[in-house]
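Structure first, then comments.
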Amino acid sequence: MTALTIPWRALLTSAQSALASERKQQALWLPVAMGAGILCYFNLRTEPDERLIWLTPALVVLAVIVARRLPFCGWLCALVAAASFGFAVVLWHAQRAPPPMSPPSRALLIEGIVQNVEALPQGLRVTLAKARLGPEAPFLERSLRLRLRNDDPARPAPGDLLRVRALIRPPAAPAYPSAWDFQRTAYFNGQGGVGFAIGTAEVTARAGKAPPFSGLRRDLEARVMATLPGPAGAISAALLTGSQSAIPPADLNAMRDSGLAHLLSVSGLHIAIVMSVSFWVCRLLVALYRPLALRVPGKLLAGFAALIAGGFYMMLTGAQVPMQRSFAMACLVTLAILVGRKAISLRGLAWAAAVVMLFDPASLLGPSFQMSFAAVLALIAGWEALQPRLMKLRASPGWTKRIALGVMGLMLTSILAGAATAPFGLAHFGRLQWYGVAANAVAVPLTSFIIMPAGMLAALLMPLGVEAPALWIMGLGVEGVLWVARIVAAWPGATEAAMPLPARGLAVFAFGLCWLCLWRRWWRALGVLPMILGLSSAAFVQPPHILISHDARLVGFFAADTLFIQRQQGASNLTRDAWLRLYGQAAAKALPAEGSSPNATLTCTADGCLFDVGARAFFLRRGNVMAQCGAVAVIVSSEPMRQRCRQSIVIDRFSVWRDGAHAVWLLPSGAEVISDRAWRGDRPWVPPRPQPRAAAEPPAPIE
């Protein structure tokens with residue numbers, strides 16, 4: 054019997070010839086590999102050695118050498134080098150970030166230079182730099198965010214010195230193991246803590262420097278909201294300044310439930326409107342003045358005017374991740390138009406992604422980066438695939454066909470962008486909006502042709518003090534969008550809570566989406582398989598049966614598709630909402646004082662609750678732990694337990710104080726417990742394990 058031999062040389066030759074036909078598309082995978090390297094860094098449980106940064110140049114040189122002889126192997130080496138580059142970039146950022154701060158638990162007199170002022174539905178929120186936790190304390194390397202009292206008459210401006218008595222807390226810990234890590238986000242954003250004022254603020258005007266455009270942003274927001282009071286003014290200010298903090302929660306929820314929340318986050322649509330309006334207005338003005346039109350290339354001048362307007366708008370709105378991506382692409386599009394090249398392409402999107410990850414690699418983990426790039430990727434790939442057919446329809450005579458083509462294009466845009474971003478929205482927010490296409494069909498034209506042009510005109514007229522008519526028109530358009538949002542959000546089943554996609558499933562879906570959109574030959578269709586696998590991954594993941602918050606004030610039990618929560622006074626609503634999203638629940642039930650759940654998996658008495666789903670757990674309300682030690686796999690208590698039980702896993706107030714939130718799976722083979730500290734590992738943004746103030750004798754074990 055002859056041994057089965059694999060024709061490696063033939064397979065390699067076949068792969069090389071296949072990829073040779075896609076040579077122009079191969080470079081598009083380098084940013085994908087760069088992102089994979091960034092994800093690899095964040096998935097580590099220990100901080101890697103900084104010397105690994107120097108591995109990247111060697112891999113780049115190796116890829117160049119190999120590519121000259123073996124193009125296919127050279128491309129693979131280039132992918133490895135790009136992944137190493139992404140890993141090195143995020144490691145470099147992490148090593149140079151200031152260490153996290155541990156503010157004291159008592160109220161202090163805080164002072165610092167105001168960097169940003171945000172209007173809230175009630176009161177103000179300020180960001181302080183060069184802050185000090187006391188008059189004689191050293192300056193902090195990180196910024197602080199403080200919410201002033203609602204009745205505080207102070208109106209600080211960027212650059213002012215603010216002094217107020219406040220209570221500072223470090224960024225919130227994850228709501229459960231694998232939940233969104235606010236401490237990691239704050240670590241890379243340079244934020245040290247958040248807090249609220251307990252006294253009135255003292256302001257010293259112009260005592261320091263403020264970031265560029267921060268004062269202009271505050272003044273513009275104040276003037277818009279003074280002219281347009283209520284939700285319309287808050288949304289108009291958000292579109293011009295990028296700050297959504299003043300939007301009332303009810304209207305913000307209506308925009309989200311109707312699928313129109315993307316209109317509030319300034320991104321590609323908004324900067325495209327600003328730059329296109331600037332381009333055509335400048336070109337029209339040049340053409341109207343004949344001596345200038347004969348001597349100056351109007352197209353070139355209009356292109357530079359559009360770039361200046363886009364850059365100014367990006368800085369005015371705070372240079373958020375969607376705006377960075379949008380402006381990077383807009384620059385490439387404008388330059389392509391000026392030199393007569395293809396304006397919108399996947400290559401421009403790849404360059405934009407690489408630039409954003411280079412300067413802010415941690416943004417890759419956020420919904421803003423993922424949804425923004427997924428939407429544009431789907432739109433560009435869809436346009437390239439449908440362009441021949443759409444061009445034929447566009448060439449056909451008749452205004453009715455052109456109008457129908459425009460409506461169809463608008464619907465296709467909403468469908469493609471919605472389908473590409475829905476899995477990412479589901480993974481991060483646990484909600485599905487079913488009528489987003491209908492809402493966007495009305496809201497997007499209002500935003501494009503009324504709201505944003507009127508807002509631009511109002512901004513130009515503000516130095517003259519005659520912006521009121523333009524803002525009135527902008528307000529009418531915003532009221533129309535709000536009307537659409539409220540109507541669509543009230544439709545039956547407009548939004549639905551669903552179990553979010555796990556992180557690995559989302560990564561598989563993203564890889565399939567890239568495979569489908571980046572290749573051009575028939576094998577691009579193979580990307581549908583990982584997309585389906587990623588979308589179905591939630592069905593193969595068992596959520597925790599028990600959750601304990603980082604302060605033990607919330608204890609949750611998931612039984613019979615229902616989340617039961619034991620809540621103590623002062624428990625975090627944000628943690629509760631994160632738990633609801635994890636389980637795809639719209640609301641939770643209180644843990645009963647006595648009784649059983651519908652399928653008798655949860656039985657409660659005055660002493661506690663017995664939870665039986667495979668292995669058994671007991672939630673101790675009162676009494677002694679000795680009564681349950683060894684009888685159940687897990688014992689949970691919101692209070693500290695002085696006695697130690699070796700026959701059962703004990704999770705009490707001490708456990709979460711040391712290791713953060715806990716998740717418990719009750720399996721037939723036994724209980725599996727993971728803490729937040731075990732999940733995140735030893736990373737720079739994870740606080741060190743707290744130590745008791747005074748050494749005490751360990752509790753006596755229960756045999």
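Under our numbering, the first residue of the sequence shown carries the number 54, and numbering increases by one thereafter. Yeah, the Cβ is synthetic: ideal placement off N, Cα and C, and Gly gets one too.
Segment limits, beta strand (DSSP E) that includes residue i
i: Lys183; result: Leu177 to Leu186
i: Val349; result: Here Val349 belongs to no beta strand (DSSP E), and DSSP marks it neither H nor E.
i: Gln619; result: Thr615 to Arg620
i: Glu549; result: Thr548 to Ala550
i: Thr656; result: Leu655 to Cys657
i: Ser728; result: Gly723 to Ser728
i: Arg674; result: No beta strand (DSSP E) contains Arg674, which DSSP labels as neither H nor E.
i: Trp718; result: His715 to Leu720
i: Arg200; result: Ser196 to Arg200
i: Thr99; result: Element bounds for Thr99: n/a, residue is neither H nor E.
i: Leu485; result: Arg484 to Gln486
Given residue i as reference, the closest of the options once Cα atoms are compared
i: Ala659; options: Val666, Asn677 and Pro651; result: Asn677
i: Ala239; options: Arg222, Ala512 and Arg276; result: Arg222
i: Pro721; options: Gly252, Ala670, His715 and Thr257; result: Ala670
i: Val179; options: Gly734, Val256, Ala592 and Tyr342; result: Val256
i: Thr294; options: Pro302, Leu316 and Gln681; result: Leu316
i: Leu100; options: Gly723, Leu144 and Ala111; result: Per the sequence shown, residue 100 should be read as Glu rather than Leu. The shortest Cα separation from Glu100 among Gly723, Leu144 and Ala111 belongs to Leu144.
i: Gln595; options: Leu663, Leu635 and Arg574; result: Leu635
i: Ala543; options: Ala303, Trp576 and Gly364; result: Ala303
i: Leu588; options: Ala492, Thr474, Ala226 and Gly248; result: Thr474
i: Leu463; options: Phe482, Phe477 and Trp436; result: Trp436
i: Ala389; options: Leu360, Ile91 and Pro414; result: Leu360
i: Arg606; options: Arg271, Val689, Arg577 and Met444; result: Val689
i: Met584; options: Pro344, Ala472 and Ala613; result: Ala472
i: Met368; options: Val319, Met410, Val334 and Met679; result: Val319
i: Ser701; options: Ala680, Ser691 and Phe593; result: Ala680
i: Pro743; options: Ser155, Met87, His146 and Leu510; result: Ser155
i: Gly364; options: Arg348, Thr387 and Pro350; result: Thr387
i: Gly176; options: Asp204, Ala184, Phe95 and Ala160; result: Asp204
i: Ser158; options: Gln148, Leu186, Phe140 and Ala494; result: Leu186
i: Ala724; options: Glu75, Ala731 and Ala716; result: Ala716
i: Asp272; options: Ser296, Leu305 and Gly609; result: Ser296
Nearest-angstrom Cβ-Cβ length linking residue i and residue j, presumed shorter than 8 Å
i: Val217; j: Ala254; result: 4 Å
i: Ala551; j: Arg629; result: In fact, because the Cβ distance is near 18 Å, the residues do not count as touching under 8 Å.
i: His603; j: Val709; result: 5 Å
i: Ala714; j: Ala228; result: 7 Å
i: Val327; j: Ala362; result: 6 Å
i: Pro174; j: Pro301; result: 5 Å
i: Ala496; j: Leu313; result: 5 Å
i: Gly248; j: Pro151; result: That belief does not hold up - the Cβ atoms of Gly248 and Pro151 are roughly 18 Å apart, past 8 Å.
Residue range of the alpha helix (DSSP H) that includes residue i
i: Cys567; result: Ala556 to Leu571
i: Ser289; result: Pro284 to Thr294
i: Val113; result: Leu108 to Arg122
i: Asn242; result: Phe235 to Asn242
i: Thr280; result: Ser267 to Thr280
i: Gln79; result: Arg76 to Gln79
i: Val709; result: Arg706 to Asp712
i: Trp576; result: From DSSP, Trp576 is part of no alpha helix (DSSP H); its letter is neither H nor E.
i: Val497; result: Gly489 to Leu499
i: Ala582; result: This sequence places Leu at residue 582; Ala is not what is there. Start and end: Val581 to Leu588.
i: Gly88; result: Trp82 to Phe95
i: Ala304; result: Note on residue identity: the sequence assigns Asp, not Ala, to residue 304. First-last of the alpha helix (DSSP H) with Asp304: Pro302 to Asp310.
i: Asp630; result: Asn626 to Tyr636
Identity of the residues DSSP links to residue i by a beta bridge
i: Cys130; result: Partner(s): none; Cys130 has no beta bridge.
i: Gly530; result: DSSP, once it has assigned bridges, lists no residue as partnering Gly530.
i: Ile163; result: Leu186 and Val217
i: Thr772; result: A question about residue 772 goes unanswered here, because the residues of the chain that appear run from 54 up to 756.
i: Glu171; result: Arg178
i: Gln148; result: In DSSP, Gln148 forms no bridge with anything.
CB contact below 9 Å: residue i versus chain E
i: Gly356; result: No chain E is part of this structure, which consists of one protein chain only.
Discussion item. So, does the segment 690 to 698 touch the segment 635 to 652, judging by three or more C-beta pairs under 8 Å?
Written reply: no
Item to complete: Report yes or no: do three or more beta-carbon pairs, one from the segment 187 to 207 and one from the segment 127 to 138, lie closer than 8 Å?
Response: The answer is no - the segment 127 to 138 does not touch the segment 187 to 207, with fewer than three Cβ pairs under 8 Å.
Worksheet item: Any chance the segment 155 to 166 sits against the segment 206 to 220, with 3 or more Cβ pairs inside 8 Å?
Response: Contact between the segment 155 to 166 and the segment 206 to 220 is present, because at least three Cβ pairs lie under 8 Å.
Discussion item. Check whether the segment 419 to 438 and the segment 104 to 113 touch, using three or more Cβ-Cβ pairs below 8 Å as the test.
Written reply: no
Worksheet item: Are there three or more Cβ pairs, one per stretch, closer than 8 Å when the segment 646 to 661 is compared with the segment 561 to 570?
Response: no
Worksheet item: Per the contact definition of three or more C-beta pairs closer than 8 Å, is the segment 498 to 518 in contact with the segment 618 to 626?
Response: Touching, no.
Worksheet item: For the segment 169 to 176 against the segment 121 to 131, are there 3 or more C-beta pairs whose distance is under 8 Å?
Response: Too few Cβ pairs lie closer than 8 Å, so no.
Worksheet item: If you pair each beta-carbon of the segment 525 to 543 with each one of the segment 274 to 293, do three or more pairs fall below 8 Å?
Response: yes
Discussion item. Does the structure place the segment 406 to 417 close enough to the segment 325 to 344 that three or more beta carbon pairs sit under 8 Å?
Written reply: no
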